[in-house]
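Asker:
Number of protein chains: 2
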Amino acid sequence: MVEDRKLAVLRAIVEDYVATEEPVGSKALVERHGLGVSPATVRNDMAALEEEGFITQPHTSAGRVPTDKGYRLFVDRLTTVKPMSAAEKRAIATLLDGAVDLDDVVQRSVRLLSQLTRQVAVMQYPSLSGSTVRHVELVSLAPNRLLVVLILSSGRVEQRLVDLDAEIGEDDLASLRSRVSRAAIGERIADAITALQALTVAPAGQRTRVAVLPVVTTLVEAMSDHRSDERVVVGGTANLARFGDSFDTAVRPLLEAIEEHVVLLKLLGEAGSGGAITVRIGHEGPYQELSATSVVATGYGPGEQALATLGIVGPTRMDYPGTMAAVRAVARYVSRILDEA
Amino acid sequence: MVEDRKLAVLRAIVEDYVATEEPVGSKALVERHGLGVSPATVRNDMAALEEEGFITQPHTSAGRVPTDKGYRLFVDRLTTVKPMSAAEKRAIATLLDGAVDLDDVVQRSVRLLSQLTRQVAVMQYPSLSGSTVRHVELVSLAPNRLLVVLILSSGRVEQRLVDLDAEIGEDDLASLRSRVSRAAIGERIADAITALQALTVAPAGQRTRVAVLPVVTTLVEAMSDHRSDERVVVGGTANLARFGDSFDTAVRPLLEAIEEHVVLLKLLGEAGSGGAITVRIGHEGPYQELSATSVVATGYGPGEQALATLGIVGPTRMDYPGTMAAVRAVARYVSRILDEA
DNA sequence: ATTGGCACTCAGCTGTCGGGAGTGCCAGTC
DNA sequence: GACTGGCACTCCCGACAGCTGAGTGCCAAT
Numbered sequence: 007m008v009e010d011r012k013l014a015v016l017r018a019i020v021e022d023y024v025a026t027e028e029p030v031g032s033k034a035l036v037e038r039h040g041l042g043v044s045p046a047t048v049r050n051d052m053a054a055l056e057e058e059g060f061i062t063q064p065h066t067s068a069g070r071v072p073t074d075k076g077y078r079l080f081v082d083r084l085t086t087v088k089p090m091s092a093a094e095k096r097a098i099a100t101l102l103d104g105a106v107d108l109d110d111v112v113q114r115s116v117r118l119l120s121q122l123t124r125q126v127a128v129m130q131y132p133s134l135s136g137s138t139v140r141h142v143e144l145v146s147l148a149p150n151r152l153l154v155v156l157i158l159s160s161g162r163v164e165q166r167l168v169d170l171d172a173e174i175g176e177d178d179l180a181s182l183r184s185r186v187s188r189a190a191i192g193e194r195i196a197d198a199i200t201a202l203q204a205l206t207v208a209p210a211g212q213r214t215r216v217a218v219l220p221v222v223t224t225l226v227e228a229m230s231d232h233r234s235d236e237r238v239v240v241g242g243t244a245n246l247a248r249f250g251d252s253f254d255t256a257v258r259p260l261l262e263a264i265e266e267h268v269v270l271l272k273l274l275g276e277a278g279s280g281g282a283i284t285v286r287i288g289h290e291g292p293y294q295e296l297s298a299t300s301v302v303a304t305g306y307g308p309g310e311q312a313l314a315t316l317g318i319v320g321p322t323r324m325d326y327p328g329t330m331a332a333v334r335a336v337a338r339y340v341s342r343i344l345d346e347a
Numbered sequence: 007m008v009e010d011r012k013l014a015v016l017r018a019i020v021e022d023y024v025a026t027e028e029p030v031g032s033k034a035l036v037e038r039h040g041l042g043v044s045p046a047t048v049r050n051d052m053a054a055l056e057e058e059g060f061i062t063q064p065h066t067s068a069g070r071v072p073t074d075k076g077y078r079l080f081v082d083r084l085t086t087v088k089p090m091s092a093a094e095k096r097a098i099a100t101l102l103d104g105a106v107d108l109d110d111v112v113q114r115s116v117r118l119l120s121q122l123t124r125q126v127a128v129m130q131y132p133s134l135s136g137s138t139v140r141h142v143e144l145v146s147l148a149p150n151r152l153l154v155v156l157i158l159s160s161g162r163v164e165q166r167l168v169d170l171d172a173e174i175g176e177d178d179l180a181s182l183r184s185r186v187s188r189a190a191i192g193e194r195i196a197d198a199i200t201a202l203q204a205l206t207v208a209p210a211g212q213r214t215r216v217a218v219l220p221v222v223t224t225l226v227e228a229m230s231d232h233r234s235d236e237r238v239v240v241g242g243t244a245n246l247a248r249f250g251d252s253f254d255t256a257v258r259p260l261l262e263a264i265e266e267h268v269v270l271l272k273l274l275g276e277a278g279s280g281g282a283i284t285v286r287i288g289h290e291g292p293y294q295e296l297s298a299t300s301v302v303a304t305g306y307g308p309g310e311q312a313l314a315t316l317g318i319v320g321p322t323r324m325d326y327p328g329t330m331a332a333v334r335a336v337a338r339y340v341s342r343i344l345d346e347a
């Protein structure tokens, strides 16, 4: 069938171009792939593909190069995400299992992802909003000074110091502690915030009153603190060195984006939940300056819910199937680890 | 005096080369600086300077370029660190004063430093080893599970979970808490470790025994944890884009170094204490691959002691006086903030 | 010690030219 | 109607040559 072959040609062009970095011509194409037709035939197909906007030639008498639209079609219809090899899976598992805390998990994941894909890896910290409160602790450091510790299901631990206007005794502290715990533990962040705020208006023992407001305020602040939501870790910038050729179009804007974590977050976009992998190719992304780069990302988090996003950023010319596989694999393992913790 | 003029010529060459990025010739030199002699004379001096190894020419019939040795002489003898302007000082102060916690201080400092110098800024977290223990807290999360919190004078807070083999009551916990506090609080890390370890051999109440060992082990681990010592924050990588020309000699190796925090730490080197600023030029550094880059660094920390190091990494061709001034200024303000906290 | 003059060197730009890869089109074949 | 071989055409790219200008080293004169 003609249509089928045209797609095969597109696939071949993408694969060859990704591998060689050079515009690929009709002759090389029939040689390297067993297309079973002559170069002339392929040329006709190529002309049609170009007509439809899937490929272009940088200049007359050069080979063809996929356009963003071409990559898009390739990713959507011509790609089966190839599973990772058993050895790779084992490597991922052992590396990530060695992590000691959340920070470490994130660090290792980013490093791993960047090594697997040989691209710049980006990972958002598990966001607060989707997770639940696992534990709240109030510790008296001094008669009028408390340490508030908040442990979330995402593994995140936040601690804040609270200065009180008056002193508070151990007994009152214990009572406050239990009331706060009862209100918040097990709840999702949003619900916990409402429940906690209710405490401030409910009638309270005279003695604990002095502590309720500041403690609740601090907790709510810690819970809704968007600074942690925005925390992003980047790794594998050294991989930028690999495409030193397209320095101005690819490397420079990416370097600038990496500095601005807000930009990175926007780039990662909304987490595709349920194992879906988002691929944004070139101009499809939100930033014009980054029209030479693609993003491959997916959501992750404990229990199938996508608490946050991780992925990679790289040139549009990249090995999409392999990259998608790596991103998916890492996201899965990280999610599993967060599950266990 | 002839020697004096030779030095003036060297200074002029360095300044011009830093400004223009181009080899500087005798004619341009006498024009741009009021040397009051003819180009021919300058040429003689240049020949002498080249003889002595302070400058070199990339090829015959090109202007001169300073060598590492030339920069060295320039930094050692021809530079007075120019103080920052009042406006700059104010900007630094206000920006850093807005920081809410240690993480934030570090983040802001790095960003600030990279903006001031337009180089890649590197900052080591205040190291544990020099600081003292401010507070230790043991929190019971479950009958056989503790949260250990360690607060250091550097502002750093470490928390660890400890699982016990048996349950421990509130009373026993309180007693353990006070014993641990007595041993550690106010001590420098090294001393605290010894004191804590003494607790494990001292006779202890039967009941607390089950908790002493794991708690002390965890604390000691947290204190001597080299991972935190090695924590390094990098900012301003976007500035690498500015020297896109020397991509292979400067940008690529630096990108690789930035990935390896251990390498960065070694690069920063020992903190020059007491306000001294360390300048490592090109090959003087520990890594051959980074022979095209210089490091300007200094120690910082509360109360004049150099707990950690901060500085910048950039091409050997950089504005040393300005950079040194910025590094010194930021280090001072950060130290002051740590003092207050 | 300094200077003006002069011959020399060489990077870098410009223009020219041939080779080669790749294309588009057309006429012929199955 | 789909495929193919042939052919003329386009245009990038590297090599080569010539020129220019900045910069140098050296020397004789002051």
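Top to bottom, those sequences are chains A and B. The first sequence begins at 7 in this note's numbering and counts up by one. The second sequence begins at 7 in this note's numbering and counts up by one. For each residue, glycine too, the CB sits at the ideal point set by N, CA and C.
Are the beta-carbon atoms of V128(A) and V240(A) separated by less than 9 angstroms?
Answerer: It is a contact, given that the beta carbons lie within the stated cut-off.
Asker: Buried or exposed: which applies to H232(A), given that a residue is buried once 16 or more other Cβ atoms fall within 10 Å of its Cβ?
Answerer: Bear in mind that the predicted position of H232(A) carries a pLDDT of just 49, short of 50, making it unreliable; the figure below should be weighed with that in mind. Per the 10 Å Cβ criterion, exposed.
Asker: Which complete beta strand (DSSP E) runs does the stretch 254-323 of chain B hold, if anything under 3 residues is left out?
Answerer: Within the stretch 254-323 of chain B, the complete beta strand (DSSP E) runs of at least 3 residues are 283-286, 299-306, 314-321.
Asker: Can you look up T62(A) in the DSSP assignment and give me helix, strand or coil?
Answerer: In this structure, T62(A) counts as strand in the three-state DSSP scheme.
Asker: How many Å lie between L296(A) and L35(B) at the Cα?
Answerer: Straight-line Cα distance between these residues: approximately 42 angstroms.
Asker: Just verifying my parser: in three-state terms, what is the DSSP assignment at V154(A)?
Answerer: Looking at V154(A) - three-state DSSP - the assignment turns out to be strand.
Asker: Please compile the residues from chain A whose C-beta is within a distance smaller than 8 angstroms of the C-beta of H65(B).
Answerer: Ordered by position in chain A, no residue passes the 8 angstroms Cβ test against H65(B), which lies about 24 angstroms from the chain.
Asker: Looking at T304(B): is its Cβ nearer than 9 angstroms to the Cβ of L316(B)?
Answerer: It is a contact, given that the beta carbons lie within the stated cut-off.
Asker: List the whole-angstrom C-beta distance separating P72(B) from Y23(B), where the pair is believed to meet the contact cut-off of C-beta under 8 angstroms.
Answerer: With 8 angstroms as the limit, P72(B) and Y23(B) qualify as a contact, their Cβ atoms being about 6 angstroms apart.
Asker: At the 9 angstroms Cβ level, is E346(B) part of the contact set with chain A, yes or no?
Answerer: Judged by the 9 angstroms Cβ criterion, E346(B) is not in contact with chain A.
Asker: Could you please give me the residues that DSSP links to G241(A) through a beta bridge?
Answerer: The partner list for G241(A) (beta bridge, DSSP) reads A127(A).
Asker: Please determine, among G175(B), S230(B), S252(B), E262(B), the residue with the shortest C-alpha to C-alpha distance to A244(A).
Answerer: Checked all of G175(B), S230(B), S252(B), E262(B); the closest Cα to A244(A) is E262(B).
Asker: To which residues of the same chain is F249(A) closer than 7 angstroms at the C-beta, ignoring the five residues directly before and after it?
Answerer: So the list reads A256, V257, P321, once near-sequence residues are dropped.
Asker: Helix, strand or coil: which one does DSSP assign to D107(B)?
Answerer: DSSP places D107(B) in coil when its eight states are reduced to three.
Asker: So if DSSP puts E164(A) in a beta bridge, which residue, or which two residues, is it bridged to?
Answerer: E164(A) is bridged to L156(A).
Asker: Kindly list the residues whose CB is nearer than 8 angstroms to the CB of V221(A), restricted to its own chain and excluding five residues on each side of it in sequence; keep chain order.
Answerer: Hits under 8 angstroms: L144, L152, V154, V168, L182, V186.
Asker: Kindly give me the distance between the Cβ atoms of V111(A) and V340(A), rounded to whole angstroms, as I take these residues to be in contact under 8 angstroms.
Answerer: Their Cβ separation, rounded to whole angstroms, is 7 angstroms, which keeps V111(A) and V340(A) in contact under 8 angstroms.
Asker: Where S44(B) and S252(A) are concerned, what is the direct C-alpha to C-alpha distance, given to the nearest angstrom?
Answerer: Looking at the two C-alpha atoms, the distance is approximately 45 angstroms.
Asker: What's the C-alpha gap between F80(A) and L16(A)?
Answerer: Cα-Cα distance, rounded: 7 angstroms.
Asker: Let me know if V116(B) comes out buried or exposed under the rule of 16 or more other beta-carbons within 10 Å of its beta-carbon.
Answerer: V116(B) comes out buried.
Asker: Taking 9 angstroms as the threshold (C-beta atoms), are V301(A) and Y326(A) in contact?
Answerer: Not a contact, by the Cβ cut-off of 9 angstroms.
Asker: So is D254(A) buried or exposed if we call it buried at 16+ other beta carbons inside 10 Å?
Answerer: By the neighbour-count rule (16 or more Cβ atoms within 10 Å), D254(A) is not buried but exposed.
Asker: Measuring straight from C-alpha to C-alpha, what distance separates R70(A) and G328(A)?
Answerer: One C-alpha to the other measures close to 22 angstroms.
Asker: Just to confirm, is the Cβ distance from A180(A) to N150(A) under 9 angstroms?
Answerer: Cβ atoms of A180(A) and N150(A): not closer than 9 angstroms.
Asker: With A172(A) as the anchor, note down where its alpha helix (DSSP H) starts and where it stops.
Answerer: Premise fails: A172(A) is in no alpha helix (DSSP H) and is neither H nor E.
Asker: Classify E143(B) as helix, strand or coil using the three-state DSSP reduction.
Answerer: Note: E143(B) maps to strand in three-state DSSP.
Asker: Comparing C-alpha positions only, which one of E28(A), A298(A), L260(A), V319(A) sits nearest to G275(A)?
Answerer: Among E28(A), A298(A), L260(A), V319(A), the Cα nearest to that of G275(A) belongs to V319(A).
Asker: Along the stretch 261-279 of chain A, where does the CB come closer than 9 angstroms to a CB of chain B? Name the residues.
Answerer: So the list reads L261, E262, A263, I264, E265, E266, given in the order they occur along the chain.
Asker: What separation, rounded to the nearest whole angstrom, lies between the Cα atoms of R338(B) and I264(A)?
Answerer: Spanning the two alpha carbons is a distance of roughly 28 angstroms.
Asker: From G192(A) to T138(A), what distance separates their C-alpha atoms?
Answerer: Answer to the nearest angstrom: the Cα atoms are 6 angstroms apart.
Asker: If you run the structure through DSSP and keep just helix, strand and coil, what is P29(A)?
Answerer: Residue state, collapsed to three classes: coil.
Asker: Among D10(A), D345(A), A335(A), which has the Cα closest to the Cα of A92(A)?
Answerer: Residue A335(A) is the option with its Cα nearest to A92(A).
Asker: If contacts are defined as beta-carbon pairs under 8 angstroms, then L101(A) and L13(A) qualify, I think. What distance do you get, rounded to the angstrom?
Answerer: Wrong, their Cβ atoms sit about 37 angstroms apart, outside the cutoff.
Asker: Give me whichever residues DSSP pairs with R70(A) in a beta bridge.
Answerer: Answer is V30(A).
Asker: Can you find the residues in the same chain that come closer than 6 angstroms, C-beta to C-beta, to V163(A), ignoring five residues on each side of it along the sequence?
Answerer: Cβ neighbours of V163(A) beyond the five flanking positions: I157.
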